[in-house]
Every structure is written in structure tokens, then in C-alpha cells.
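Presented below is the structure to which this report refers.
Numbering (this note's numbering), first residue to last: 1 to 461.
Spelled out as C-alpha cells, the structure:
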């Protein structure tokens, strides 16, 4: 069991593939997708995709060196509001823990799937590709944004949780339907300054591609092409101003797990929030009923521009969108720490306010009832005891107590200011005394794992 925990806290390189050839191969896959749809008469014109796709540059395209536990930590932090509280339970809060034994160092020294990771139950194979693909893709996307804005904090949020507040369809259970959309938004922010927003799509696959695999049949290329379609359905202020990052992870690549990455440029920014008043993140958020059908105006050279369906945030609503990101981010931080009804204050009705406002059934919800001092910081959060190879282990996720208290009080602006001031004070190690693998976030969050002492016979249930 100690070997498993050691693997989780060992840094390994992850291959990044981002080249001009990848752009060309993605375009070929996109053309093949359009031809196939035309044969099936699903559409008459090529799909709208993000223009200007290119490779990552400089340090962004270097191998990602990271521990498996940090990968799972990135995934956990970004998905705590999955399904906005409907049926939130232990399996949802700790959805990354199922992969504790799936990752290790491969033959070439790069991170790869273990034997167990390569042979999931058939019913879980698609889930593994989706979730681990997201974990790797998000880690690369977050590093890219940090590289570009090193003096900013970043927040990663599920796009559905954000878009519900402005575009949810009416009905007993608000939803976005099958409308194409990005998977995540990454906000690079600094108190009192405008924020930068990136739309992110992430996918994964188990294809064992080789030299004989046709470009049109490569899962990674097709996933990037479809990701480009989904990214093209979100715009800030006007068409084609929002930067995006597209990721497709090949879990069974010959040289070890490989993240194929592309980007599209953009300079969209959100205005700096007002610390006080209705425009500040402390103010209660109102919902919007924004137009989706024909909302995006696409200019055309020498011709009248066309309109497309899409999630467009009008320029006059950019301040509201920034407020939405900040408050949903606050809810996500509280959810990561296992808070309950306190989360509801930050969410609108369409985002799931009433689901967090109500108590959940006993035994199904994560509860903020754990407190640990790790290094010089007191963290409060939630824990879960489970078994790996018949050994009892404890997982803990939490946030610095000082930041947690500010969020409980609804003081988002003060929380952001304090989180930014403390960003360089947290440990950067991959383990901690009395713990095994530990993932420290510069935002004051932590996710840790450790083996529990053996129970005496008279203590066993």
C-alpha cells in the first residue's frame, strides 16, 4: 500500500504534443467529419469551428512534470459543483479517488497507465477516458494560463455551472440541453484589475494509434476538431475575441500518456469588479435570460454578416459575467471543503440554489467536519475513509480556515484579496508529515491522503 501512495506523490513528465502538424491533422479530421455528416444529410454546410487554431508556444509545449495526486487534485477542484448539487454525494465529491492505482511511471520514464489502469471494466472505460482526459487536459490548460499570467490567481469552473445562470431552458429542471459548449472556463484574476477568460475543451481516449492509423480515424484529431466546434459556441462581447485551449489526452499512446494541445487567440477581458455596491462579487447575483438562437454575429468579407447560435455574453453584461464567475468560484471552494447549506448563498436558482439550501439524506453528503494543521496552515474541510487493497486510508480536502471563514460570511471580495496576498505562503512539497501524497493549491486549498492505523479487533464493526 505504501508503494501506491509513493507513486501518487512522485513527479513524472507527461508528454505534450502541440505542433503545426497537429493543426493540419486536426483540420483533416474536421474535413472528414463534415464529409461524413454531408453523406448522412445531417448538414449542408461545414460546421462552424474556432478560426486561427495554432500550436502552443515556448514553455507551454514542454512536458508537464506533475504528480498523479496533483492531477487528481486539479480534477477534483474543478468539478466540485458537478450537477450543481443534485444528488451530491461521496462518489461525486471524490470522483477522482477511483484512479489512485491507475497511474505510474512508464517504461520510458513518462507517466503511463498501470496494468490496472489499462484494463478498466468495460462499463467504466468511457468514464475513465472522460475523467482522466479531463484531469490531464485541465492540468496542461492551467499551466498554460499560469505561464502567461504568472502574477495572477486562476480559477477553473465547469462551463455548465456558469452558463446555467444566463441560458438555462425553462422547465422543472433547468438545463442547457444538447447545445454545444466548452467544458470549462479558466479565469486569470488579480484583485482590482480586469480578468482574462479562457474557454477550455478537454477529452480523452484509449485508442492505440500507430503509423497505419489514418488521420481521419485518429480519435485525438477528431476530438480536437469537435472541441473546436464546442469552443466556437461561446463568445464574450463579440465573435472571435475569446481565447480557447483545446485538449485531447491519449491514455494509451506508445510513448506514455500524451496530451495533444491546440490554442486559438483572443484578447477578451472582463472589467475589474467594484469592491462595494451592486457590481461587486459580494452582491447577490441576479439571473439573466440571454438569447442563444442567432445570438452571434459573424462578419463576412464584402457581404452581409451572418448570425449563428451560441452562448454570447453581450458587452453590457461583462460585469455581470465577472460577478457570476467570482461567486460561483466561491461556491466551488466551499463545496471542495465539504460545506453544505452555506454554498446556496452564492448560486442562483437555475444553478441549484435550492438543492444546496436543503439538507441531504444522511450518509450521502460531504460535510465540513474535519480540521488539520499541515505545515503552518490550519485547513478545514471534509474527509472520507475508504479501502485501497484492503487497507484503510483517509482522504481529506479542505481550504485554509482564514479563507473559509470569509467565504462563510459572504465576503468574496475580501476572500479574493486575502487569497491573493497569501498565494506564495503555502507549501509546494508533494507530501507532508503524517500524510502521504498531498496536493497544495496556491489558492489555499489542499487535498491529502494517508494510511490509517489498523483497527483493533474489538473496534471493528
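Where a beta carbon is used, it is the ideal one built from N, C-alpha and C, also for glycine.
Discussion item. Rounded to whole angstroms, what is the Cα-Cα separation between residue 261 and residue 44?
Written reply: 29 Å
Worksheet item: Taking the C-alpha atoms as reference points, what is the distance between residue 387 and residue 435?
Response: 16 Å
Discussion item. Counting C-beta neighbours from all protein chains within 10 Å, is the total for residue 127 16 or more, i.e. buried, or is it exposed?
Written reply: exposed
Practice prompt. Spell out the partners DSSP gives residue 447 in its beta bridges.
Written response: 397, 439
Discussion item. Nearest by alpha-carbon distance to residue 374: which of 232, 201, 297, 427 is it?
Written reply: 427
Discussion item. Tell me the rounded alpha-carbon separation between residue 299 and residue 305.
Written reply: 4 Å
Worksheet item: Starting from residue 158 and walking both ways along the beta strand (DSSP E), at which residues does that stretch end?
Response: 153-158
Worksheet item: So what does residue 244 bridge to, in DSSP terms?
Response: 199, 264
Worksheet item: Can you tell which of 232, 289, 400 has the C-alpha that lies nearest to the C-alpha of residue 418?
Response: 400
Worksheet entry | Whole-angstrom C-beta distance between residue 129 and residue 205, which should lie under 8 Å | 5 Å
Worksheet item: Which one of 322, 160, 58 has the shortest CA to CA distance from residue 278?
Response: 322
Discussion item. Using DSSP's beta-bridge definition, name the partner residues of residue 381.
Written reply: 370, 398
Worksheet entry | Spatial neighbours of residue 430 in its chain, beta-carbon cut-off 6 Å, leaving aside the 5 residues before and after | 9, 67
Worksheet item: Which residue's Cα is closest to the Cα of residue 202: 213, 185, 332, 36?
Response: 185
Fill in: Helix, strand or coil at residue 289 [DSSP, three-state]
coil
Worksheet entry | Cβ neighbour criterion (16 or more within 10 Å) applied to residue 263 | buried
Discussion item. So the candidates are 438, 56, 410, 234; which of them puts its Cα closest to the Cα of residue 342?
Written reply: 410
Worksheet item: Can you list, in chain order, the stretches of the alpha helix (DSSP H) that have 4 or more residues and sit fully within the stretch 45-83?
Response: 68-78
Worksheet item: Counting along the chain, where does the alpha helix (DSSP H) carrying residue 331 start and finish?
Response: 318-336
Item to complete: Have a look at 176, 310, 46 and flag the residue whose alpha-carbon is nearest the alpha-carbon of residue 239.
Response: 310
Worksheet item: Measuring CA to CA, which of 139, 338, 449 is closest to residue 258?
Response: 139
Discussion item. In the DSSP output, which residue or residues are listed as bridge partners for residue 387?
Written reply: 392
Fill in: Sufficient close CB pairs (3 or more, under 8 Å) joining the stretch 11-22 to the stretch 101-119
yes
Worksheet item: If you compare alpha carbons, which of 377, 440, 99, 191 is closest to residue 421?
Response: 191
Practice prompt. Output yes or no for whether 9 Å exceeds the beta carbon distance between residue 23 and residue 54.
Written response: yes
Worksheet item: Between residue 212 and residue 397, what straight-line distance do the alpha-carbon atoms span, to the nearest angstrom?
Response: 45 Å
Worksheet item: Alpha carbon to alpha carbon, how far is residue 447 from residue 336?
Response: 9 Å
Practice prompt. Please look up how many angstroms separate the CB atoms of residue 233 and residue 179, rounded, as I've assumed it's under 8 Å.
Written response: 7 Å
Worksheet item: Among residues of its own chain, excluding the 5 on either side of residue 4, which ones have a beta-carbon nearer than 8 Å to its beta-carbon?
Response: 100, 101, 388, 389
Worksheet item: For the alpha helix (DSSP H) that residue 26 lies in, which residues bound it at each end?
Response: 20-39
Worksheet entry | Bridge partners - residue 235, DSSP secondary structure assignment | 312
Worksheet item: Taking all protein chains shown into account, do 16 or more other C-beta atoms lie within 10 angstroms of the C-beta of residue 150, making it buried, or fewer, making it exposed?
Response: exposed
Worksheet item: What distance in whole Å lies between the Cβ atoms of residue 163 and residue 181, which are believed to be in contact at a cut-off of 8 Å?
Response: 6 Å
Practice prompt. For residue 288, I'd like the list of residues in its chain whose CB is within less than 6 Å of its CB, leaving aside the five on either flank, ordered along the chain.
Written response: 166
Discussion item. Looking only at its chain, what residues have a beta carbon closer than 8 Å to the beta carbon of residue 169, apart from the 5 residues adjacent to it on each side?
Written reply: 175, 176, 177
Item to complete: Please confirm whether residue 284 and residue 235 have their CB atoms less than 9 Å apart.
Response: no
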